[in-house]
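Read the structure below first, then the notes.
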Amino acid sequence: MRSEEVFTKERLSFETLEKLGYKGYLLKDAPEKIVQFGEGSFLRAFADNFIDLMNEKAGFNAKVVLVQPRGGHPEAADRFSEQDGLYTLILLGRENGQPVEHTRAISAASRCLDPKRDWEKLLDCARNPELRFVISNTTIGGSITIDDMFRDGYQSVFVGAGLWKPRSLHIKGESLGHVAFAINYLACPEAFRLGERVIVIGSGNSAMDCARTAIRQGARYVTVFNRRDKIAASQYESSYAKLEGVTFEMMKVPVEILEDSVVFADSEFDEEGKLRPVPGSEKRYPCTGVIVAVSQELGGSIVSGTADIGTKPSGLLVADEDGRTSRPGVFAAGDAAHGARTVVEAVANGKRVAEAMHAYMQSLPMPEPSAFSQLPIQEAVEPSVLAEQVM
Ligand SMILES: Cc1cc2nc3c(=O)[nH]c(=O)nc-3n(C[C@H](O)[C@H](O)[C@H](O)COP(=O)(O)OP(=O)(O)OC[C@H]3O[C@@H](n4cnc5c(N)ncnc54)[C@H](O)[C@@H]3O)c2cc1C
Numbered sequence: 143m144r145s146e147e148v149f150t151k152e153r154l155s156f157e158t159l160e161k162l163g164y165k166g167y168l169l170k171d172a173p174e175k176i177v178q179f180g181e182g183s184f185l186r187a188f189a190d191n192f193i194d195l196m197n198e199k200a201g202f203n204a205k206v207v208l209v210q211p212r213g214g215h216p217e218a219a220d221r222f223s224e225q226d227g228l229y230t231l232i233l234l235g236r237e238n239g240q241p242v243e244h245t246r247a248i249s250a251a252s253r254c255l256d257p258k259r260d261w262e263k264l265l266d267c268a269r270n271p272e273l274r275f276v277i278s279n280t281t282i283g284g285s286i287t288i289d290d291m292f293r294d295g296y297q298s299v300f301v302g303a304g305l306w307k308p309r310s311l312h313i314k315g316e317s318l319g320h321v322a323f324a325i326n327y328l329a330c331p332e333a334f335r336l337g338e339r340v341i342v343i344g345s346g347n348s349a350m351d352c353a354r355t356a357i358r359q360g361a362r363y364v365t366v367f368n369r370r371d372k373i374a375a376s377q378y379e380s381s382y383a384k385l386e387g388v389t390f391e392m393m394k395v396p397v398e399i400l401e402d403s404v405v406f407a408d409s410e411f412d413e414e415g416k417l418r419p420v421p422g423s424e425k426r427y428p429c430t431g432v433i434v435a436v437s438q439e440l441g442g443s444i445v446s447g448t449a450d451i452g453t454k455p456s457g458l459l460v461a462d463e464d465g466r467t468s469r470p471g472v473f474a475a476g477d478a479a480h481g482a483r484t485v486v487e488a489v490a491n492g493k494r495v496a497e498a499m500h501a502y503m504q505s506l507p508m509p510e511p512s513a514f515s516q517l518p519i520q521e522a523v524e525p526s527v528l529a530e531q532v533m
């Protein structure tokens, strides 16, 4: 089902949709039962899409307040609130082998807050007696581990932690000041001064993003060095990089990073088809900055801090098609389980795993309340000690 009437050049709002004759499901007013830390496209396409469906199909009757996790973008928060919290979701794919295309205006969100500016409004959400759920922004694997969550009554945990730790080359010079890692660089390119001659090591899609971003940041010569004979990025991504003036050096393995250059050796395939550097072929390639773009891995201590959770040699979580890991009750999907892929694949994978988690939780008995919850409350201690100290 493709609903053309949802597309408009006007600002999206309930009024605009009404004018366009939109026939899909819309929920205008409902209590704000959920506060969600994070307003990015993944949470909106995934979590908030499900809440919208729960509203439509199960009468959940809930609105979500979105909170920018780091704040500092009040204009973006206001733009979202001004469009009545509405946004458009386009879902393309296959269902039961048949191509499907759904376009839907999502009306689950009510507004977006910038916590730096809207702190009091955020506290009001916490005081709202209708509030039932917090989609939190807590790092798991630090002070709070997955084991702690099971101890505290969670019956099932979903790990969709993605791949956020840049892989390193483990060669000399990688910690020098003019060396950046791809995802750190892309998150805030303005924070790096890589100069006018940039070497990008690696040839995947992220490397292409880095090379093109470096050009926009003022680099005049950007070269991508690839250890193989084929570029790993899609042809689409690499051809745009070429069009923008990025040059490519193939079959080069980095050996050492120096202050003003990178040493590469030629690479060749041995009899077993393994890549190896050709001894004595090292050359120095001048540069003012280096970007290491050789993929990412699962970061933090989310795995090391969780008992009985299996990983593959690549560091990815072991999970079956329904996302079940080796630890009962822990499910995983997306890049953390299947390696660096795409948003669409992560969402499709997450949908399937959500159904498996639901079935798993339905099979469990309700958790017992704490044995201490019936203990009588101790009478409050008078604040006399404090009062005497003040005197
Ligand atoms: C530079 C770059 C460009 C890309 N471009 C595209 C593109 O154009 N199109 C496309 O489809 N895909 C693109 N991708 C891939 C896409 O981003 C991923 O495939 C997709 O986001 C994976 O979804 P996910 O839910 O598995 O993980 P993510 O989207 O990475 O989400 C993981 C979330 O978990 C959080 N997290 C991590 N560790 C913890 C923890 N210990 N506790 C709590 N939270 C944690 C993270 O902060 C993050 O919010 C790109 C990737 C990169 C790196």
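For the sequence shown, position 125 (counting from the first letter as 1) is numbered 267 according to the working numbering, and the numbering increases by one without interruption. For each residue, glycine too, the CB sits at the ideal point set by N, CA and C.
Simplified DSSP state of S468, which is helix, strand or coil: coil
Beta-ladder partner(s) of V432, from DSSP: V321 and I341
Reduced DSSP secondary structure (H/G/I, E/B, other) of K372: coil
Three-state secondary structure assigned by DSSP to F275: Strand.
Simplified DSSP assignment, three categories, for L159: helix
A407: first and last residue of the uninterrupted alpha helix (DSSP H) it sits in: Per DSSP, A407 belongs to no alpha helix (DSSP H); it is in the beta strand (DSSP E), S403 to F411.
Delimiting residues of the beta strand (DSSP E) encompassing T355: First-last for T355: N347 to R358, but that is the alpha helix (DSSP H), not the beta strand (DSSP E).
Continuous beta strand (DSSP E) stretch holding R236: start and end: Y229 to E237
Same chain only: Cβ atoms within 8 Å of I248, ignoring 5 sequence neighbours per side: In the same chain as I248, and ignoring 5 residues on each side of it, the C-beta atoms closer than 8 Å to its own belong to R186, D190, N191, D194, L228, Y229, T230 and L231, in chain order.
Three-state class that DSSP yields for L154 in the structure shown: coil
Beta carbon of A435 nearer than 8 Å to that of I343: For A435 and I343, yes; Cβs fall inside 8 Å.
beta-carbon S348 near ligand 1 non-hydrogen atom, thresh 7 Å: yes
8 Å contact criterion, which G166 and R246 should meet: CB distance rounded: 6 Å
Euclidean distance between Cα positions of G214 and W261: Their Cα atoms are separated by approximately 12 Å.
Range covered by the alpha helix (DSSP H) that runs through L305: That residue, L305, is in no alpha helix (DSSP H); it is neither H nor E in DSSP.
Segment limits, beta strand (DSSP E) that includes I193: Element bounds for I193: not the beta strand (DSSP E) but the alpha helix (DSSP H), A189 to A200.
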